[in-house]
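Below is one structure; the comments refer to it alone.
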Amino acid sequence: MTDRSMVDANVLMFAFRKIDEKTAADVKQWHDASLALLKRFNVIRVSAIAWMEFERGLRPDDRARLSSIYAKIQSEVVDGRIVDRAIALMHARNLREKICQKCKTSLDTHV
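Take 13 as the starting number for the sequence shown in my numbering and just add one per residue.
Written out as structure tokens, the structure reads:
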């Protein structure tokens, strides 16, 4: 897979999440899909902000358990070009689905 893609903090968080028999089925699916995606990259590029969000919640045993993936992560500087692209993607999403203005999640899955 191309190394031009950048990964969101949520992909990292789900991939590194420890899964056991008590884990909900949908969370396990997100974990499996996120982990499969990360394994396809030679270099896992994340923005400095996504990296900070991810590192904040990472436990030492998670880092050790997935050290081969952790070693491929490369933090990228967030510049105006990246921010402009992220805003454009958010606006495109907002045109297609109804978003909760308070929490910014899809109203289709809103609880």
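All C-beta atoms, glycine included, are put in the ideal place defined by N, C-alpha and C.
- Residue 31 carries a coil assignment under DSSP once its states are collapsed to helix, strand and coil.
- The Cβ-Cβ distance between residue 43 and residue 26 falls below 8 Å.
- The Cβ-Cβ distance between residue 81 and residue 50 falls below 8 Å.
- A distance below 8 Å separates the beta carbons of residue 46 and residue 23.
- Residue 84 places its beta carbon less than 8 Å from that of residue 54.
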